[in-house]
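The structure appears below as structure tokens.
Protein chains: 2
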Amino acid sequence: MKESEKNMIYIGYLGPKGTFTEQVALSYFKDKKDYKFIPFPTIQDLLLAADKQDITRGVVPIENSIEGAVNTTVDMLTFEVDLKIQAEMIIPIGHNLIGHKSFKLEDIKEVLSHPQAIAQCRNYLHGKIPGANVVFTSSTAEAVREVSSTVGPRVAIGTVLAANNYGLDILDSDIQDQKQNETRFVIIGKESMQRGKSCKTTLVFSTGNKPGELYRVLNIFSLWDINMTKILSRPSKNKLGEYVFFIEVEGHVEEEDLKDALIMIRKKTSFFKLLGSYEVFE
Amino acid sequence: MKESEKNMIYIGYLGPKGTFTEQVALSYFKDKKDYKFIPFPTIQDLLLAADKQDITRGVVPIENSIEGAVNTTVDMLTFEVDLKIQAEMIIPIGHNLIGHKSFKLEDIKEVLSHPQAIAQCRNYLHGKIPGANVVFTSSTAEAVREVSSTVGPRVAIGTVLAANNYGLDILDSDIQDQKQNETRFVIIGKESMQRGKSCKTTLVFSTGNKPGELYRVLNIFSLWDINMTKILSRPSKNKLGEYVFFIEVEGHVEEEDLKDALIMIRKKTSFFKLLGSYEVFE
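As given, the protein sequences belong to chains W and D, one line each in that order. Counting in numbering that gives the first Met the number 0, the first sequence runs from 0 upward without gaps. Counting in numbering that gives the first Met the number 0, the second sequence runs from 0 upward without gaps.
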């Protein structure tokens, strides 16, 4: 390690260059002097690296307004790593049709992108290039990279950042079916965050094989007047009908009421894990 | 239409031949005399055909014990078609590594399958063929078909039925990371089912932009002593933090208590849709 790299803070994002997570990493960690940005091929690789402290912090998507939970992120944070959510960032997702301007839309034979991006542009593709084959890739940026590798009647769905990186043209923009399309990203790391002015807390718990028990747990929040802002269900991976609930409430875990409520919830659940309290910026 | 086709009942399943839904369709509709099985390329196409009554009934996956809700099915039933769940069938999902016996596992360059099957075998692939490229396909059967089309160092993840259909070898079986892996399929159609001995009812509702309101709705079930057996959350597609809850309870909608509870829930929710009552077979 060079002397100059000693105080480096390593920030992981989902590569290759030009993904939405790179966009979030660059905008959240603005003062780039001490930051080194490291691309990872998958969410799994990134979270495992952060867990082993090969990187200091990482950026991963956790929820999209159309497609719902990003399952790998939620499941890894729940079952496989010991990391805290330190901040969140919500950005609008605009998909672009990216390719070589020399081809007409009606001649396009293949559309490449990540399955979530394809799903979000389903009606557009059906209407504009119904005959084109769909090819899934590991990220939207990877799709753009592949299309840039040869000149042919192929297009990718991806970001403006990726189109610029790989020297391709934007053939159409905002092509997602639901115009209001947002993704929530979280910044993760080993440390817990201090209590701030306005905080949120994320936790996961399981009620075992009684989905009806969820009502009792929500009742505890209600008794303590704690406002729930998010609830996602995920399978517990044991058997059908067993769930893990991923919940977000207002407040910091060091605040008296929330602390008391969580003590009680921990007793009433078969599995409980605190994923962190972090400040909310409006 | 031939005279012999007049009384045909058309059953839709997800093609090509050899998928899990074909397996379910063949086992649920056993008396094949009057049934004609029609393959569809996607869940979307199948549900739209059932909605237009081009087919009488259809089979689609709705939930997996590892990967959770099958989003397309849940979202289409909620927002885009008017169909009833008429029955359910749960089957164990065993994934197989399928290819040409002439190649050694260590020489395999490419693994093809549906993204959900790839996700379910993530650790196996990482351990056994770490260098192989992953290629996503639209179904597991499609992956098997592609691998069968040329002789090369490629494998697919799919069903025994598909391996047999396309004349390929089973190189390894039960390769999914979680040995207990089940998928729940539903039989859908236009008609509501009669009240039977032991029934379940599926409904979806939205609490608008207040996730905390979920507690009030679950309270209604609790007041009427109605047992909830399943709860899934999906985004409402409007904005982050707005959810649709997909809930299953014991009882038939014609039973007095459930009828009363649902009248109240309909009043307390911003969106409400009944997806059907159907008999449970143990």
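All residues carry an ideal CB built from backbone N, CA and C; glycine is no exception.
Look at ASN95(D) here: in three-state DSSP terms it is strand. Collapsing the DSSP output to three states places SER137(W) in coil. Assignment of beta-bridge partners to THR200(W) by DSSP yields VAL248(W) and SER276(W).
Taking a C-beta cut-off of 9 Å against chain W, none of the residues of the stretch 140 to 167 of chain D qualify.
GLN52(W) carries a coil assignment under DSSP once its states are collapsed to helix, strand and coil. Distance from the CA of LEU202(D) to the CA of PRO38(W), rounded to the nearest whole angstrom, comes to 42 Å.
Residue range 114 to 119 is occupied by the alpha helix (DSSP H) that includes PRO114(D). The criterion of a C-beta distance shorter than 9 Å is satisfied by VAL58(W) and VAL185(W).
For GLN179(W), the residues of chain D that pass the 8 Å Cβ criterion are ASN237 and LYS238, in the order they occur in the chain. No Cβ-Cβ contact shorter than 9 Å links LYS35(W) with MET75(W). Within the same chain, VAL110, LEU124, VAL133, PHE135 and ILE156 come within 8 Å of ILE117(D) by CB-CB distance, once the 5 residues on both sides are set aside.
Scanning the stretch 205 to 256 of chain W for uninterrupted beta strand (DSSP E) segments of 3 residues or longer gives 227 to 234 and 242 to 249, listed from N- to C-terminal end. Contact of ILE65(W) with chain D is assigned, a C-beta pair being separated by under 9 Å.
If the five residues before and after LEU273(W) are omitted, its C-beta is found closer than 6 Å to the C-beta atoms of LEU202, all from its own chain and listed in chain order.
DSSP, reduced to helix, strand and coil, places GLU190(W) outside both helices and strands of the structure shown, so it counts as coil. Residue state for ALA161(W) is assigned as helix, using DSSP reduced to three classes.
For TYR12(W), the pairing in a beta bridge is given by DSSP as PRO38(W).
In this structure ARG194(D) is exposed. Its beta-carbon is surrounded by fewer than 16 other beta-carbon atoms within 10 angstroms.
Chain order gives the chain W residues near TYR214(D) as TYR214, LEU217, ASN218, PHE220, SER221 and MET227, where near means a beta carbon separation below 8 Å.
Per DSSP, the beta-bridge partners of LEU111(D) are VAL134(D) and ALA155(D). Beta-bridge pairing by DSSP links LYS83(W) to GLY188(W). CA-to-CA, the gap between ASN164(D) and PRO15(D) works out to about 10 Å. The Cβ of ILE230(W) sits closer than 9 Å to at least one Cβ of chain D. Closer than 9 Å to the CB of VAL58(W) there is not a single CB belonging to chain D.
Residues of chain W with a Cβ closer than 7 Å to the Cβ of PHE135(D) are, in chain order, PRO114 and PHE135.
Burial check for ILE246(W): the Cβ neighbour count within 10 Å reaches 16 or more, so the residue is buried. Here MET227(W) really is in contact with VAL248(W); their C-beta atoms are around 5 Å apart, less than 8 Å. At least one C-beta of chain D is nearer than 9 Å to the C-beta of THR71(W). Interface annotation, GLY188(D): not in contact with chain W, CB-CB separation never under 9 Å.
The beta carbons of ILE42(W) and THR71(W) sit closer together than 9 Å. Leaving aside the five residues that flank GLN177(D) on each side, the residues in its chain whose CB is nearer than 8 Å to its CB run, in chain order, SER64, ILE65 and GLN119.
DSSP places LEU25(W) inside the alpha helix (DSSP H), whose first and last residues are 19 to 27.
The beta-carbon of PRO15(W) is placed no less than 9 Å from the nearest beta-carbon of chain D. At least 9 Å separates the CB of ALA131(W) from every CB of chain D. Judged by DSSP secondary structure, ASP171(D) falls outside any alpha helix (DSSP H) and instead within the beta strand (DSSP E) spanning 168 to 172.
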